[in-house]
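J.: Yeah, the sequence shown ends on 322 if you go by numbering that gives the first Met the number 0, and it's all consecutive. For every residue, glycine included, the Cβ atom is placed at its ideal position computed from N, Cα and C.
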Amino acid sequence: MAKRMKIKKQAMQSLIIIGVIIFIVIFGLAFGINKYKEYKYKQTYEYKLIEHGYDLDVAKEFLKYFKEDEEIEKVLSLPRNELILNLAKEKYYIYNNLDRYLAYQEKNKDKELKDIVAIVNVNRDYEFYEHDIDTDTSEGNLLMVNKYYKLNSDFEPSSLVTINSQYAYADNQITEEANDAYVSMWHAAKEADIQLIVNSSYRNYQDQEDVYKSLKQSKGEREADKVAARPGYSEHQSGLAIDVFEIHNQLTGTFQDSPAYAWLKENAYKYGFIERYPQDKEYLTGYSAESWHWRYVGLEAAKVVHDEEITYDEYYAYYIANK
Ligand SMILES: [Zn+2]
């Protein structure tokens, strides 16, 4: 009887020991796994963003908008600033411009982020004529010319044709493709009792230099810059721009009130033309409104510019230069 009790006692002890061992192993494993998980989590950008001072939900949002490692590293290298996230949420936000958005915002705290993105995208954080970029003419119909993007003095569009005298005053030239589009547009406008007429189109570098120089001599550089582009910076040198009026309304001062302008605003994009210098967009285009100046960009781009109600400068920055 005593022997059986002893065996039973020993078995119990063994069981307890085994139990303790199992418990230690499981606990140890769980602890180890936990430690490992913690170690792994500390390697994540979510953790690093939280360590940088952002709340968890903000950190998660950052990860939605900043997908590349390089982009998150950039956020971590900057002082904690939730403005960065709000900038990234803007439709036309461009990662490469982030430093410039922040610098511009610092000096213009009253401006909306939407405007800051647009202004920086079109380079207006730089002075006109002090930040030259060579126009990428390989973009063809989409090329950009403005007070930053410059054409070489020897640039001439290929395939220039003279616009038929039915549609324009004498000696007006544009590219063949722009001409075809303009003729189609002209006939559509005619259906609406509007008779369009082009009074200025392609101008070579020399012509533009003459125009600008004579203005500069008579009015001084400041005034000349307000009304004319410097040579190389005129869209007319691209062969893609037309100054178009209505046969009964050819005054720059009143064209914006004409049915012809209203028709162009509604329909020109269907032929690949866009209004290049719209009302109230001087802060982006660098030009006060020119209701008569239309630019051929092709159907696809014209539709986007029209539908999204953006200037061509904004379009080019986001959809072309940023690609
Ligand atoms: Zn013009």
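Which two residues bound the contiguous beta strand (DSSP E) that contains Arg-294?
T.: 292-295
J.: Pick out every residue whose C-beta is nearer than 5 Å to a heavy atom of ligand 1: which are they, in chain order?
T.: Asp-242 and His-292
J.: If Ala-259 sits next to Asn-248, beta carbons under 8 Å apart, how far is it from one beta carbon to the other, in whole angstroms?
T.: 6 Å
J.: Along the alpha helix (DSSP H) that carries Gln-172, what are the first and last residues, could you check?
T.: Per DSSP, Gln-172 belongs to no alpha helix (DSSP H); it is in the beta strand (DSSP E), 172-174.
J.: Only counting the same chain, and skipping five residues up and downstream in sequence, which positions put a Cβ closer than 6 Å to that of Ser-290?
T.: Result list for Ser-290: Phe-254, Gln-255 and Tyr-260, in chain order.
J.: Let me know if Lys-88 comes out buried or exposed under the rule of 16 or more other beta-carbons within 10 Å of its beta-carbon.
T.: exposed
J.: How would you call Ser-157, buried or exposed, if buried means at least 16 neighbouring beta carbons within 10 angstroms?
T.: exposed
J.: Between Ala-301 and Thr-43, what straight-line distance do the alpha-carbon atoms span, to the nearest angstrom?
T.: Their backbone Cα atoms lie some 43 Å apart in a straight line.
J.: Do Ile-246 and Ser-200 come within 7 Å of each other at the CB atom, strictly closer than that value?
T.: no
J.: Can you tell me which of the three DSSP states Thr-161 falls into?
T.: Thr-161: strand per DSSP, three-state reduction.
J.: Helix, strand or coil: which one does DSSP assign to Asp-279?
T.: coil
J.: Could you give the DSSP three-state label for Leu-195: helix, strand or coil?
T.: strand
J.: Indicate whether Ile-173 and Gly-238 have their beta-carbon atoms separated by less than 7 Å.
T.: yes
J.: Might you give, ordered along the chain, the residues of its own chain that have their beta carbon closer than 8 Å to the beta carbon of Ala-102, omitting 5 neighbours on each side?
T.: Asp-124
J.: Could you tell me how far apart the beta carbons of Gly-271 and Val-296 are, in whole angstroms, since I believe they sit closer than 8 Å?
T.: 6 Å
J.: Restricting to runs no shorter than 3 residues, where is the beta strand (DSSP E) found entirely within the stretch 218-289?
T.: Annotation: the stretch 218-289 contains the following complete segments of the beta strand (DSSP E) (minimum length 3 residues), in chain order: 240-245 and 272-274.
J.: Three Cβ pairs or more, each shorter than 8 Å: is that satisfied between the stretch 126-135 and the stretch 178-185?
T.: no
J.: Going straight from the alpha carbon of Lys-322 to that of Met-143, what length do you get?
T.: 15 Å
J.: Going by CA-CA distance only, name the one from Pro-277, Val-160, Ala-188 and Ser-76 that's closest to Glu-50.
T.: Ser-76
J.: When the Cα atoms are used, what is the spatial distance from Ile-17 to Tyr-64?
T.: 53 Å
J.: Beta-carbon within less than 7 Å of Ala-117's beta-carbon, same chain only, minus the 5 sequence neighbours each way: which residues are those?
T.: Cβ neighbours of Ala-117 beyond the five flanking positions: Tyr-91, Leu-283 and Glu-313.
J.: State the DSSP-derived secondary structure class of Lys-108, mapped to helix, strand or coil.
T.: Lys-108: coil per DSSP, three-state reduction.
J.: Three Cβ pairs or more, each shorter than 8 Å: is that satisfied between the stretch 224-234 and the stretch 205-213?
T.: The stretch 224-234, when compared against the stretch 205-213, does touch it at the 8 Å Cβ threshold.
J.: Give me the DSSP bridge partner(s) of Tyr-148.
T.: Ile-132
J.: Taking only runs that begin and end inside the stretch 28-64, name each unbroken beta strand (DSSP E) of 3 or more residues, in chain order.
T.: none
J.: What is the rounded straight-line gap between the Cα of Asn-96 and the Cα of Val-119?
T.: 7 Å
J.: What is the rounded straight-line gap between the Cα of Thr-161 and the Cα of Glu-234?
T.: Taking the straight line joining both Cα atoms gives about 17 Å.
J.: Does DSSP put Ala-167 in a helix, in a strand, or in coil?
T.: strand
J.: My understanding is that Phe-244 touches Asn-171, with C-beta atoms under 8 Å, so please give their C-beta distance in whole angstroms.
T.: With 8 Å as the limit, Phe-244 and Asn-171 do not qualify as a contact, their Cβ atoms being about 12 Å apart.
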